[in-house]
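Reviewing the structure listed below.
There are 2 protein chains.
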Amino acid sequence: MISKSMQQAVAGSSAIRAMFLEGKEMAAKIGAENVYDFSLGNPMTPVPAEYNQAIIDAVQTESSLELHGYMDNAGYPETRQAVADNLNKRFGTDFEGKHITMTVGAAGALNIVFKAILDPGDEVLALAPYFGEYRGYVANHQGILREVAPDTETFQPDFEDLKNKITEKTKAVIINNPVNPTGVVYSEETIQTIAAIMGEKQKAYGHEIYMVSDEPYRELVYDGNQVPFLTKYYDNTFVTYSFSKSLSIPGERIGYVAVNPSLADCEQTCSALSVATRILGFVNAPSLMQKAVTKAIDATTDVAYYDRNRKLIYGKLTELGFTCAKPQGAFYLFIKSPDADEKKFVETAKKYHILLVGGTTFSCPGYVRLAYCVSYEMIERSLPAFEKLAGEYGLA
Amino acid sequence: MISKSMQQAVAGSSAIRAMFLEGKEMAAKIGAENVYDFSLGNPMTPVPAEYNQAIIDAVQTESSLELHGYMDNAGYPETRQAVADNLNKRFGTDFEGKHITMTVGAAGALNIVFKAILDPGDEVLALAPYFGEYRGYVANHQGILREVAPDTETFQPDFEDLKNKITEKTKAVIINNPVNPTGVVYSEETIQTIAAIMGEKQKAYGHEIYMVSDEPYRELVYDGNQVPFLTKYYDNTFVTYSFSKSLSIPGERIGYVAVNPSLADCEQTCSALSVATRILGFVNAPSLMQKAVTKAIDATTDVAYYDRNRKLIYGKLTELGFTCAKPQGAFYLFIKSPDADEKKFVETAKKYHILLVGGTTFSCPGYVRLAYCVSYEMIERSLPAFEKLAGEYGLA
């Protein structure tokens, strides 16, 4: 018999799987081209050629035992240095290689950060709506996740609620920017306000309250928006990152944690991350992938691809009378459900072969998430279905 | 400030790092060729050519988005099937692809198994001497590790102690075969005896007590020895495996869990492993590495390389009067310390530039581990130093 906590997790996972299978059945019945699956956040832009070339070069030219072998748990020195240099060049920061721990993706990065900082019963705040997996990541380390409400006009955080939710037990606040699932970018003003609140609370409680920045969508921003780089605003900051979206390689599990050089007990904390990656069983980020991202560190993805999708679907949905937060980053739209119960709206959308994810998954019922990391042609094909859906709710 | 549990872990890790640095300093002073570092368990045999070729072929011929993309958390269907087929062919088992979860190495495999089965306070037994990392893996999931004493004549387990240590709270017994650090292979008789004891205790307590087999050294056996494949002896068995040693690719983090089809609640347990790999932050085993091991599944390492080393070092050390368990597998020798305090012996060996690991790390004080996964030439060069070391203890 599996453990009690896993019995719940498996049940929850079965629901997602059921939806996935439903989509497959739909495709088998009416043809895949007639199913409009907006449920998955998988990158769609081409993998940069220099990344694939870097893999081939490494395999053909480097010593196999070293290439596929162990290194320091924190990663190859040259990879850590390349990440530090890249950040410094782009954001004017002063990271050294020793501040970087290479990780098994952003999920691995968040887990080693929580392993390093959480004592049992410590609280971690997430700004709703948020990526539901954070619940599991915090629980893995016996932490307790608490939610901060959004301002549902702008989907920036509700600062009063943030103030009230920080307690003596709060050890960290997760900041995901751009935000999955809303596509909103937290502005510099928002970050400054959060930093000021956290700074005051640190003083009041006399211990660190860490900012844990989760930025897999950092490069996916539109209309000239900039994502504030958080170490500039707050000393006790961890930046967690994945190359999944920027290089379209989510299956390869490669990312990093960058520790702000001015974080309290910085050196001991970096050691703790390195030990945590070993203890949790990651051991180290996959070695060949470390070599490949070192070479492809300056590669960028085709943001225009997602931007074109964004303009088409956001333009059409608002024209049809749907209400969405203005999407400025990532590849998601967060749509206000025209049905008070968003689960019913998700079901109604399915009648028109549109697959969406209910906001409850992101602790924000009454909304649905649409992922537009799909082909432009699929969006075009889907528009008549959205028209009918709007019609059913009398929106247009 | 890092968490309390990590403060201890970092301190422990610093001790290992100190030894590593000491070796480096020694090499800088007297030349790397005059330092005999037997402390690390890193594979040394060439990476099979078909593995590297499989990587290049996949990058050159497959769709990049699929190759580097997400798949089911449990892994690519063809990879899981290839593992099942390989096991069935070699061991006469009846695995299907659905019984296999691809993992981030054996450490990742053990962690998802413990995540899937342990409730807080559950006990896991390890047969001393054992790989010290098990302590962390069990603690990650709020389990409690208990030790079973060895028979120090044979380094097979002490069965009476095993009987006494299994309690109402025991959820699993870890069996590492061949054994790190002794190099001993548990015989079929040993496995049958353990299985019989565990079977009785399951009945007595009315719940599953799982056998968790950790077999990264499965293929490294000598003198025609066979490692019993545990699902044949006990229904409630998980087999965890890494390709690190068999393909010499420890940095790539690729392995698997195979669930015995006759394990209780097999289907739900397989689901739990898949969910656990997601929740713990591994998400899935690195995708390109899954493709590569699929193609290289029949590749084997050069066992004769390690065997030649084994014969040289074991022959010489016993000739010099040292006492070691007969090494039948893996690439370790476990030497009885001629000093009652093995830490002193480790220090004395350093005087002769020989680096060994004390048995306390493996919960077996009074012994030291020697890893002979080094070059044959280094062993040859080290022999006069061992002669002096034996002389200092008046052994010869």
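In order, the protein sequence lines correspond to chains A and B. So the first sequence is numbered by our numbering: it starts at 1350 and just counts up by one. So the second sequence is numbered by our numbering: it starts at 1350 and just counts up by one. All C-beta atoms in this analysis are idealised placements derived from N, C-alpha and C, irrespective of residue type, glycine included.
Short CB-CB distance (under 8 Å) between residue i and chain A
| i | result |
| --- | --- |
| Leu1474 (chain B) | no |
| Gly1548 (chain B) | no |
| Leu1569 (chain B) | no |
| Pro1426 (chain B) | no |
| His1448 (chain B) | no |
| Ser1595 (chain B) | no |
| Glu1557 (chain B) | yes |
| Ser1712 (chain B) | no |
| Thr1618 (chain B) | yes |
| Asp1563 (chain B) | no |
| Glu1399 (chain B) | no |
| Asn1460 (chain B) | yes |
| Ile1646 (chain B) | no |
Which of helix, strand or coil DSSP assigns to residue i
| i | result |
| --- | --- |
| Ala1475 (chain A) | strand |
| Ala1528 (chain B) | Before going on, a small fix: residue 1528 (chain B) reads as Val here, not Ala. Looking at Val1528 (chain B) - three-state DSSP - the assignment turns out to be coil, as it is neither helix nor strand. |
| Phe1369 (chain B) | helix |
| Ala1377 (chain A) | helix |
| Val1534 (chain B) | coil |
| Glu1496 (chain B) | strand |
| Val1384 (chain A) | coil |
| Ala1521 (chain B) | strand |
| Lys1685 (chain A) | strand |
| Leu1744 (chain B) | coil |
| Val1706 (chain B) | strand |
| Tyr1756 (chain B) | Outside the shown range of chain B (1350 to 1745) lies residue 1756 (chain B), about which nothing can therefore be said. |
Other residues of its chain near residue i: CB distance less than 6 Å, five sequence neighbours each side excluded
| i | result |
| --- | --- |
| Ala1621 (chain B) | Ala1465 |
| Glu1601 (chain B) | Met1638 |
| Met1547 (chain B) | Ile1558 |
| Pro1599 (chain A) | Ser1593 |
| Val1432 (chain B) | Ile1449 and Tyr1605 |
| Leu1459 (chain A) | Tyr1486 and Thr1589 |
| Thr1672 (chain B) | Lys1685 |
Alpha carbon of residue i to alpha carbon of residue j, nearest angstrom
| i | j | result |
| --- | --- | --- |
| Glu1496 (chain B) | Pro1714 (chain B) | 13 Å |
| Phe1508 (chain A) | Thr1542 (chain A) | 8 Å |
| His1556 (chain A) | Phe1631 (chain A) | 29 Å |
| Gln1402 (chain B) | Thr1626 (chain A) | 30 Å |
| Ala1607 (chain B) | Leu1569 (chain B) | 19 Å |
| Glu1371 (chain A) | Ala1364 (chain A) | 11 Å |
| Asp1390 (chain A) | Tyr1681 (chain A) | At residue 1390 (chain A) the sequence reads Gly, which differs from the Asp that was named. Those two C-alpha atoms are separated by around 8 Å. |
| Asp1406 (chain B) | Ser1413 (chain B) | 12 Å |
| Ile1515 (chain A) | Leu1494 (chain A) | 12 Å |
| Ser1731 (chain B) | Thr1501 (chain B) | 27 Å |
Neighbourhood of residue i by C-beta, 8 Å cutoff - its chain only, sequence neighbours within 5 removed
| i | result |
| --- | --- |
| Ser1712 (chain B) | Ala1475, Ala1477, Pro1478, Tyr1479, Gly1481 and Glu1496 |
| Ser1623 (chain A) | Asp1421, Asn1422, Ala1423 and Thr1450 |
| Ala1613 (chain B) | Glu1557, Asp1584 and Asn1585 |
CB contact check: residue i to chain B, cutoff 8 Å
| i | result |
| --- | --- |
| Phe1314 (chain A) | Any answer about residue 1314 (chain A) is impossible in this case: the structure gives chain A only from 1350 up to 1745. |
| Asp1468 (chain A) | yes |
| Ser1413 (chain A) | yes |
| Gly1372 (chain A) | no |
| Tyr1583 (chain A) | no |
| Ala1728 (chain A) | One detail in the question is off: residue 1728 (chain A) reads as Ile in this sequence, not Ala. By this cut-off, Ile1728 (chain A) is not an interface position. |
| Ala1431 (chain A) | no |
| Leu1637 (chain A) | yes |
| Ile1523 (chain A) | no |
| Glu1382 (chain A) | no |
| Met1420 (chain A) | yes |
Neighbourhood of residue i by C-beta, 7 Å cutoff - its chain only, sequence neighbours within 5 removed
| i | result |
| --- | --- |
| Tyr1582 (chain A) | Ile1540, Gln1541 and Ala1544 |
| Glu1537 (chain B) | Pro1577 |
| Glu1427 (chain B) | Thr1643 |
| Glu1399 (chain A) | Lys1644, Ala1645 and Ala1648 |
| Ala1376 (chain B) | Val1384 |
| Leu1629 (chain B) | Asn1460, Ile1461 and Lys1464 |
| Leu1669 (chain A) | Phe1735, Glu1736, Ala1739, Leu1744 and Ala1745 |
| Gly1454 (chain B) | Ser1591, Ser1593, Arg1602, Ile1603 and Gly1604 |
| Val1534 (chain B) | Asn1526, Pro1527, Val1570, Asn1574, Val1576, Gln1677 and Gly1678 |
Chain-ordered chain C contacts of residue i [CB-CB under 8 Å]
| i | result |
| --- | --- |
| Lys1693 (chain A) | The structure shown contains no chain C; its protein chains are A and B. |
Next on the checklist: Going residue by residue through the segment 1389 to 1427 of chain B, where are the continuous alpha helix (DSSP H) segments of at least 4 residues, counting only ones entirely within it?
Outcome noted: 1398 to 1410 and 1413 to 1416
Item to check | Length at least 3, wholly inside the segment 1429 to 1468 of chain B: the beta strand (DSSP E) runs in chain order | outcome: Fully enclosed beta strand (DSSP E) runs of no fewer than 3 residues occupy 1449 to 1452 of the segment 1429 to 1468 of chain B, in order along the chain.
Item to check | Start-end ranges of the alpha helix (DSSP H) lying completely within the segment 1550 to 1590 of chain B, minimum 4 residues | outcome: none
Item to check | 3-residue-minimum beta strand (DSSP E) runs that sit fully inside the segment 1598 to 1661 of chain A, ordered along the chain | outcome: 1604 to 1608
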